[in-house]
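K.L.:
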Amino acid sequence: MLLQIEDVTKTYPGARPVLQGVSLSLDAGQTLALTGESGSGKSTLLHLAGALDSFDSGEITLCGTPLSGLDDTGRAALRRSRVALVFQQFNLIPSLTVGQNLSFHARLAGRHDPAWTHELTDRLGLGDLTGRYPEQLSGGQQQRVAIGRALAARPDLLLADEPTGNLDETASAAVMALMLDLVRDSGTALFLVTHSERVAARLDLRAHLRGGRIA
Amino acid sequence: MIAAALQALGSHWRRHPLQLATLLAGLALATALWSAVQAINAEARASYARAATQIGAGGLDVLEAPGGPIPLARYVELRRAGWQLSPVLEGRARLGEDRVSVLGLDPLSHPPLPALEAATEGDPETLAQMLARGGLLFAAPALAATLSATPGLPAVHASDRVPPGLVLTDIGVAERLLARPGQIDRLLILPGQPAGLTPLEQLAPDLQRRPSRTGTDTARLTDSFHLNLTAFGLLSFAVGLFIVHGTVGLAFEQRRAMVRTLRALGLSLRLLTGLMLGELLVLALIGGALGLVLGYLVAAALLPDVAATLRGLYGAPVAGGLSLRPSWVLGGLAMALTGTGLASAQALWRMTRMPLLSAPGLQAWAQRAARGERRMALTGLGLIAAGVAALGPVKGLIGGFALIAGIMLGAALLLPPTLGLVLRLGRRFARGPVGDWIWADMRAQLPGIGLALMALLLALAANIGVGTMVSSFRLTFTGWLDQRLVSELYLTARDDAQGARIAEWLIPRSDAVLPIRSAEFTVQGVPVTVYGVVDHPTYSRNWPLLEQTPNAWDRVNAGAAVFINEQLARSAALWSGDDVQLAPGWTLPVAGVYSDYGNPTGQAIVALPALLAHASAVPNRRFGVRLDPGQVPDLIRDLRTAFDLPASALIDQAGLKAQSLAVFDKTFVVTGALNLLTLGVAGFAILTSLLTLWSLRLPQLAPVWALGMTRGQLARLELARSVLLAAITALLALPLGLVLAWALLAVINVQAFGWRLPMYLFPVDWLRLFVLALVAAGLAAALPARRLYRLPPTELLKVFANAR
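In the order they appear, the protein sequences are chains B and Z. First residue of the first sequence: 1, per the numbering used here; consecutive thereafter. First residue of the second sequence: 1001, per the numbering used here; consecutive thereafter.
#1: So, for Gln1401(Z): in the same chain, excluding its five sequence neighbours on each side, which residues have a beta-carbon less than 7 Å away from its beta-carbon?
#2: Applying the 10 Å Cβ sphere with the 16-neighbour rule, what's the burial state of Ile1398(Z)?
#3: Below 7 Å, is the gap between the Cβ of Pro1589(Z) and the nearest heavy atom of the ligand GTP?
#4: Can you tell me where the alpha helix (DSSP H) with Tyr1539(Z) in it begins and where it stops?
#5: Within 10 Å of its beta-carbon, does Trp1349(Z) have 16 or more other beta-carbons around it, so buried, or fewer, so exposed?
#6: What residue does the alpha helix (DSSP H) around Ile1748(Z) start on, and which one ends it?
#7: Express the C-alpha separation of Ala1140(Z) and Pro1164(Z) in angstroms, rounding to a whole number.
#8: For Lys10(B), which beta-bridge partners are listed by DSSP?
#9: Please confirm whether Thr1794(Z) has its beta-carbon closer than 8 Å to some beta-carbon of chain B.
#10: When the Cα of Leu124(B) is compared with those of Val175(B), Leu34(B) and Asp161(B), which residue comes out closest?
#11: What does Phe1808(Z) reach in chain B if we use C-beta pairs closer than 9 Å?
#12: Taking any Cβ of chain Z, which residues in the region 98-119 of chain B have a Cβ under 9 Å from it, in chain order?
#13: How would you label Ala1780(Z), buried or exposed, when you count the other beta carbons within 10 angstroms and need 16 or more for buried?
#14: For Ala1430(Z), which residues in chain B fall below 8 Å Cβ to Cβ?
#15: CB Asp1170(Z) to CB Met1130(Z), shorter than 8 Å?
#16: Give the interface partners of Ala77(B) over in chain Z, defined as CB-CB distance under 8 Å, in chain order.
#17: Just to confirm my understanding: we take Ala963(Z), look at its own chain, exclude 5 residues before and 5 after, and list those with CB closer than 6 Å. What are they?
#18: Should Leu1679(Z) and Ala1459(Z) be called a contact, given that it needs their Cβ atoms to be closer than 8 Å?
#19: Which chain B residues are close to Ala1673(Z), counting only those with a beta carbon under 8 Å from its beta carbon?
#20: Does the beta carbon of Arg285(B) come closer than 8 Å to any beta carbon on chain Z?
#21: Within 8 Å (strictly less), CB to CB, does Thr73(B) reach chain Z?
#22: Does DSSP classify Glu162(B) as helix, strand or coil?
#23: Can you tell me the Cβ-Cβ gap for Asp72(B) and Thr1710(Z), rounded? I've got them flagged as a contact below 8 Å.
#24: Measure the Cβ-Cβ separation of Val1239(Z) and Ala1682(Z) and say whether it is below 8 Å.
#25: Report yes if the CB atom of Ser1159(Z) is closer than 8 Å to the CB atom of Ala1119(Z), and no otherwise.
#26: Quick check: is the beta carbon of Leu34(B) nearer than 8 Å to any beta carbon in chain Z?
#27: Let me see if you follow: with CB-CB separation under 8 Å, is Ser186(B) close to chain Z or not?
#28: For Leu1608(Z), count neighbouring C-beta atoms within 10 Å of its own C-beta (all shown protein chains included) and say buried if the count is 16 or more, exposed if not.
#29: Name the DSSP bridge partner or partners of Ile60(B)?
#30: Report yes or no: do three or more beta-carbon pairs, one from the region 1566-1576 of chain Z and one from the region 1747-1759 of chain Z, lie closer than 8 Å?
#31: Select from Leu1791(Z), Gly1332(Z), Leu1190(Z) and Ala1251(Z) the residue whose C-alpha is nearest the C-alpha of Gly1712(Z).
#32: Based on Cα-Cα distance, which residue from Arg1621(Z), Ala1776(Z), Leu1285(Z) and His1226(Z) lies nearest to Val1306(Z)?
#33: With a threshold of 8 Å on Cβ separation, who are the neighbours of His208(B) within its own chain once the five nearest residues in sequence on each side are excluded?
#34: Near Gly1450(Z), which residues of its chain fall below 6 Å by C-beta distance, leaving aside the five closest residues on each side in sequence?
#35: Taking Cβ-Cβ distances shorter than 7 Å, what residues in chain B pair up with Ala1440(Z)?
#36: By the criterion of Cβ-Cβ separation under 9 Å, what are the contact partners of Val1704(Z) in chain B?
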């Protein structure tokens, strides 16, 4: 099992519980869509699965490593080597060029494969843009860079939080299709948070969060 | 409507209290250092003005002898011819432990002086006591207390109407204290002269009539000192304004969305601009008021040392206490308002030009600043060129300061493009993705932190420049003391008669006795002290000549030439080979020019017989004695026994050098303190920049954290980034500081004091300053780095959730 989430709860200080005993699992190469209302805890669950935040109780096991026993350094190492992230806001590094952004995570993880990065660049249609900076790209182009950056590191698990939420319908469909193709081709597991029923329907598995619980 | 708009605008500061504190702190620091300097200057100038009213001659003309003092006989002649005159004798004397100025006058004929009037009103016997044989000294309370405890002095009357450091007394008593019997320095020409008098030009053609200058002399002498302090205050003010500029710029950018909304809701741009101006006015007044309080405290702490410097260097009557002046308060607030206006003008102007539908964006602020780099570089080069060009047409100190201002401001503007270049070069040598990112990130951060780094550059350059100047000065001064203070022992006799006896006594007991005798002359309308020296190898082997003609010492010793000091050479444009008229009928060629540090006035050296031939009653009380240094203690003991000399009358070479160096060091205490404060302000500017950039920084750091770096690693990199930028800035500050040092030594010192100093380099001092700059930057970055290290992941995740 690549990702095992067991009875996880999470409460932010001064707020009511966001997650209440959530459990789900994901095998290597599988794709999972997590849907739910705004504020239902989708992003929080994705952040916990990506070792970005700590949970109150339960356990999350990622690539065989229980996250509850990891300190800050251990979580960072796991993120660096096993996980990749794509966010709605793209969150590229503004001081690096497109080319440098594309290879950044892979180099950080020590798995930089120039041929693979080059292939990704071509398939994402970024070949002419590698010398530009993120601020010089459109939203769709920026999200394609973010997807390329994530996959260039050949992660075991790709976590994507409403990756097309900032794009118009046409761009959204194109980017999503590209991402799913690349994920399947690379054998990477995908944990996708989305509002779109149409997108969710294209994935292997589907979970729905309501009031902090899997419905 | 206005209340609602104000509430909306004010909410920004409520949500960003740290930004508000930074803005007020920047304003307060800028105002504080400027106001401190102004308070010191105002106090000193008030002291000069007070002294002028307390001992001034009411604007009466005076008669003076160009070749020295006026003999008593000449005064008697003029009085007999019917002229109503009042004699004055003044000089410096050591009374007990204090070296004081003594002003002797005739209390019966001198125009009324406040101290005398108050004393005689209270006790009519005071005047009689003053005129009696024992005499009476008037002094300010602090000095009066010391003098009263000194044995052998006349009775002392404490009066707060006498300037500090001055003793006022009858001219007969002054003659004794100054050991100048029968001498008069000047004659006041009293009002209401009888009709039909023979003109003074006929009766006394050797005397010169000129307007009274009491008070203005001191102000003129100390002008350059105060101008230097003002320049330093202005530099500190400018460094403080960098903080204000950065904070206001960010605050306005952060409020662009709010301004856009308010305008969309129907508020006119004119009204919004007015409200924001009003807001800035209030902030400037609060920051200015805080700065005034801080400035007062700094001034009160520094003034005693400044007063001691002014008294020691110029004999200027300055008390050590500080009083609160309305003009100072208003001036400080005006500077705070002006500074706020200057620092905010750009941000306000941008806001007024902002289209109604312009999208807000913090990134846009940084990007626009980056685009301005090229313009800044060109402006910087232009300012440097203008500063250098100003040196030609703008003469004097103003030209010197224009040069420095042009170079400093120009270099500050050139800093961001230069740093950008260095960072681009650095990136070529970067290894690994983190190295790549950190160099690229530093480059991207430049617009945000650039102003603080400019402040650091200015502060460091000022430190290097002023430090190099002071250390070069000290090194030169020490070497010069070694040359000038060659005699193993210096002594001062009570009077001429005792001086003659001591000289005779010393001849068989020493290798040489060198009289130190001088008289006052006027060269090109400026008072010059002319020393007469005996023909002895001590002078020709050691005297610190900057330039000389062949056989210079032979010609001077023969009475056929004169040496002049550098101050006189520069002020009168007289150099070797030129002729100088020391008195009517006494013109000598200049045989050489010597360095004469620590003395603001002109000086010359001639052969002693030549001096005695042209000046009457030259005191013969001071001597330098050459002998085996090992015999000095014994000789001091024998001299004290034989002539009943006080300890203060005998001083060995080492003691005199130590005294001179102590005075020198005290002179630069203020400069050192201002240097350190300016560096502190620059460090604070870095801290405030990093803190105000905090909200911009997280969206850039969060993705890197998410990709697998720990908060600890990022915090350490943040720290390293600030220290590295400070290090590059410090390295760039070195050449700028050395250029500043050159300008101070070769331009400002020459204009202000009349001497040019050689420049020495002090790499150990630079290293110390470099480390200090790194520590300051490290400390400034430590707080934001610690904040990042302890930041909960939830806060970083908000970046991705678009909840910020």
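Each residue gets a CB set at the ideal place from its N, CA and C atoms; glycine is no exception.
P.N.:
So, from the listed chains and residues:
#1: Your numbering for residue 1401(Z) matches position 401 in the second sequence. First, the residue type needs correcting, since residue 1401(Z) is Phe and not Gln in the sequence shown. If we look at Phe1401(Z) and ignore the five residues flanking it on each side, its Cβ neighbours are Ala1231.
#2: Start at 1 with the first residue of the second sequence, and residue 1398(Z) comes out as number 398. Exposed is the call here.
#3: Because no ligand of any kind appears in the structure shown, any question about the ligand GTP cannot be addressed here.
#4: Within the second sequence, numbered from 1, the residue matching residue 1539(Z) stands at position 539. First-last of the alpha helix (DSSP H) with Tyr1539(Z): Pro1537 to Asn1542.
#5: As a working note, residue 1349(Z) is residue 349 in the second sequence. So Trp1349(Z) counts as exposed.
#6: As a working mapping, residue 1748(Z) is identified with position 748 in the second sequence. That residue, Ile1748(Z), is in no alpha helix (DSSP H); it is neither H nor E in DSSP.
#7: Start at 1 with the first residue of the second sequence, and residue 1164(Z) comes out as number 164. Start at 1 with the first residue of the second sequence, and residue 1140(Z) comes out as number 140. Cα to Cα, Pro1164(Z) sits roughly 6 Å from Ala1140(Z).
#8: Counted from its first residue, the first sequence places residue 10(B) at position 10. Under DSSP, Lys10(B) takes part in a beta bridge, and its partners are Leu19(B).
#9: As a first step, residue 1794(Z) is located in the second sequence; it is residue number 794 there, counting from the start. Yes, its Cβ sits closer than 8 Å to a Cβ of chain B.
#10: Position 124 of the first sequence holds residue 124(B). Looking at Val175(B), Leu34(B) and Asp161(B), the one whose alpha-carbon comes closest to that of Leu124(B) is Val175(B).
#11: In this structure chain Z extends from 1001 to 1804, so residue 1808(Z) is not present and cannot be described.
#12: The region 98-119 of chain B vs chain Z, Cβ under 9 Å: Gln100, Ser103, Phe104, His105, Ala106, Arg107, Leu108, Ala109 and His112.
#13: Your numbering for residue 1780(Z) matches position 780 in the second sequence. Burial of Ala1780(Z) is indicated by the presence of at least 16 other C-beta atoms within 10 angstroms of its C-beta.
#14: On the second sequence, position 430 is the one that residue 1430(Z) refers to. Ordered by position in chain B, no residue passes the 8 Å Cβ test against Ala1430(Z), which lies about 11 Å from the chain.
#15: Residue numbering aside, residue 1170(Z) sits at position 170 when the second sequence is read from its first letter. Residue numbering aside, residue 1130(Z) sits at position 130 when the second sequence is read from its first letter. Asp1170(Z) is a Cβ neighbour of Met1130(Z), given a cutoff of 8 Å.
#16: By one-based count along the first sequence, residue 77(B) stands at place 77. What Ala77(B) touches in chain Z: Gly1708.
#17: The requested residue 963(Z) is not part of the displayed model; chain Z covers only 1001 to 1804.
#18: As a working note, residue 1679(Z) is residue 679 in the second sequence. As a working note, residue 1459(Z) is residue 459 in the second sequence. Going by C-beta atoms, Leu1679(Z) is nearer than 8 Å to Ala1459(Z).
#19: Numbered from its first residue, the second sequence carries residue 1673(Z) at position 673. When 8 Å is used as the limit between beta carbons, Ala1673(Z) is near no residue of chain B, the shortest such separation being about 40 Å.
#20: The shown model of chain B, from 1 to 215, leaves out residue 285(B), and the question about it has no answer.
#21: Translated into positions along the first sequence, residue 73(B) becomes position 73. Contact of Thr73(B) with chain Z is assigned, a C-beta pair being separated by under 8 Å.
#22: For the purposes of this step, residue 162(B) is taken as the residue at position 162 of the first sequence. The DSSP-derived three-state label of Glu162(B) is coil.
#23: Here residue 72(B) refers to the residue found at position 72 when the first sequence is read from its first residue. Here residue 1710(Z) refers to the residue found at position 710 when the second sequence is read from its first residue. Sure, about 5 Å apart at Cβ, within 8 Å.
#24: As a first step, residue 1239(Z) is located in the second sequence; it is residue number 239 there, counting from the start. As a first step, residue 1682(Z) is located in the second sequence; it is residue number 682 there, counting from the start. It is a contact, given that the beta carbons lie within the stated cut-off.
#25: In the second sequence, residue 1159(Z) corresponds to position 159, counting from 1. In the second sequence, residue 1119(Z) corresponds to position 119, counting from 1. Contact annotation: Ser1159(Z) and Ala1119(Z) have beta-carbon atoms nearer than 8 Å.
#26: As a working note, residue 34(B) is residue 34 in the first sequence. Not an interface residue.
#27: Taking the first sequence and counting its residues from 1, one reaches residue 186(B) at position 186. It does not; no Cβ of chain Z falls within 8 Å.
#28: As a working mapping, residue 1608(Z) is identified with position 608 in the second sequence. Under this definition Leu1608(Z) is a buried residue.
#29: Along the first sequence, read from residue 1 onward, the residue named residue 60(B) stands at position 60. DSSP lists Ile5(B) as partners of Ile60(B).
#30: Taking one beta carbon from each stretch, the region 1566-1576 of chain Z and the region 1747-1759 of chain Z have 3 or more pairs nearer than 8 Å; the two touch.
#31: Within the second sequence, numbered from 1, the residue matching residue 1712(Z) stands at position 712. Measuring from the Cα of Gly1712(Z), the nearest candidate turns out to be Leu1791(Z).
#32: Here the question's residue 1306(Z) lines up with position 306 in the second sequence. Selected option, being the one with the closest Cα: His1226(Z).
#33: Position 208 of the first sequence, counted from the first residue, corresponds to residue 208(B). Excluding sequence positions up to five before and after His208(B), its CB lies within less than 8 Å of the CB of Leu34, Thr35, Gly36, Ile214 and Ala215, all in the same chain and listed in chain order.
#34: Mapped onto the second sequence, residue 1450(Z) falls at position 450. Excluding residues within five positions, the ones whose Cβ falls inside 6 Å are Pro1416.
#35: For the purposes of this step, residue 1440(Z) is identified with residue 440 of the second sequence, where counting begins at 1. The answer, in chain order, is Ser95 and Leu96.
#36: Along the second sequence, one-based indexing puts residue 1704(Z) at 704. The contacting residues are Ile93, Phe104 and Leu108.
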